[in-house]
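Per this note's numbering, residue -7 is the first one in the sequence shown, and the count goes up by one each step.
The beta carbon of each residue, even a glycine, is placed where N, CA and C say it ideally should be.
On a predicted model such as this, the values are computed, not experimentally measured, just so you know.
Just below is one structure, and these are the notes that go with it.
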Amino acid sequence: MIMPATAPTLAVVVLSVGAPADLRGAVRSLVTQVPQPAEIVVVNSGGGDPSGRVRHLLADEAVFHTDTLLRHGATRNVGITATRASHVSFLSADCRARPGWVAGRLTAHAAGAAAVGSALVNRFPDSAAATAAHMILYSRRMPRAEPHQVLRYGASYDRALFDQFGGFDESLDGGEDTQFHNRLNRGGVAIGWAPDVVTEHPNPRTVRALAREQLWRGRRMTRFQVGQGMSHSQVLARVLGRTPADLARAWRSATPDDYPMMVAATPLTALALGAYTVGCITAHPTPLRRRA
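Structural data, given as structure tokens:
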């Protein structure tokens, strides 16, 4: 792998499936970070031409590709092995790192945090559907969310943690970061919070896409939770019970500039919740598995 004259202390593993067109934008958002450079690798599975997507941004040897579709944990682990920097972070191919994404992480790690969670904003703030999705799903990842309530995902890690606790579970179709964080918590490792480290996350931009995604999420979550011993009704009750608090938190965490679109998005949150409910009710009880 080609490394800069001064080796970066943060590696960023770009997680990609099928080499989507968005991949180039994700990588560009990283290579333009200043003042600290990052060690960037792309791990792509499931086909496509990732090297072609990022040509002139990354050297070919910084792109790792397999036609076999990998589960999330396996993709992360390939990236950990492929990098050398003392700290490791991850960015999905459809996301964007805002300016300061690298520097903010390094500042938090330098202050003593072994793991650092980060904030999430809506990549399509002019879409009512995308805003509705963000209000429902990510109120606890918004930059202005109450620190004692935030979900500390989108994390970067001291590489030594993987030596101590192992890598990500490669058998899971999702939630591999939650499972890893549970291991860290049991081992006494606290996950820090860096609200100035902001990732732009894509949300569905049409009403149809919003409904389709929420239906899928309802089925996916129910299959997973039923596989863990919960009933369909328990899964649904949990979602319905927390949604009012999630929406209230989204409003508290928003800025005045966000309010007009949030007003327009509010009716769509009911539609999204209805689609999620249908997904819960119709989910097959067998835990969801993606073909590896």
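- Message: Let me make sure I understand the geometry here. Which of R136, R132, G10 has the alpha-carbon closest to that of L143?
- Response: R132
- Item | Local Cβ density within 10 Å of T67, reported as buried at 16 or more and exposed below that | buried
- Message: Using C-beta distances below 6 angstroms, list every residue in its chain close to G39, excluding the 5 sequence neighbours before and after it, in chain order.
- Response: G10, D59
- R97 burial status per 10 Å Cβ neighbour count (16 or more: buried): buried
- Item | Start and end residues, beta strand (DSSP E) containing H57 | 55 to 58
- Query: If we call anything under 7 angstroms between Cβ atoms a contact, is V33 one with A51?
  - Reply: no
- Examine the Cβ distances between the region 105 to 119 and the region 209 to 224 and report whether three or more of them are shorter than 8 angstroms. no
- Query: Do S81 and N36 have their C-beta atoms within less than 7 angstroms of each other?
  - Reply: no
- Alpha-carbon spacing of I183 relative to T99, whole angstroms: 14 angstroms
- Once you ignore the five residues that flank G271 on each side, which residues in its own chain have a CB closer than 6 angstroms to its CB? L207, G210, R211
- Item | Inter-residue CB distance, C87 and E192 (contact presumed, cutoff 8 angstroms) | 6 angstroms
- Query: When you compare each of T235, A257, A95 to T198 by their alpha carbons, which one comes out closest?
  - Reply: A257
- Buried or exposed: L232, going by 16 or more other Cβ atoms within 10 Å of its Cβ? exposed
- Give every residue of the same chain whose Cβ lies closer than 7 angstroms to the Cβ of V46, excluding the five residues on either side of it in the sequence, and list them in chain order. L15, R16, V19, V34, V55
- Message: I need the straight-line Cα distance from Y251 to W243, nearest angstrom please.
- Response: 8 angstroms
- Three CB pairs or more closer than 8 angstroms across the region -2 to 6 and the region 67 to 78: yes
- Query: Out of P117, V227, A152, H101, which has the shortest C-alpha to C-alpha gap to S110?
  - Reply: H101
- What did DSSP end up calling E168 once you bin it into helix, strand or coil? helix
- Whole-Å CB distance - R136 paired with S245, under 8 angstroms assumed: 4 angstroms
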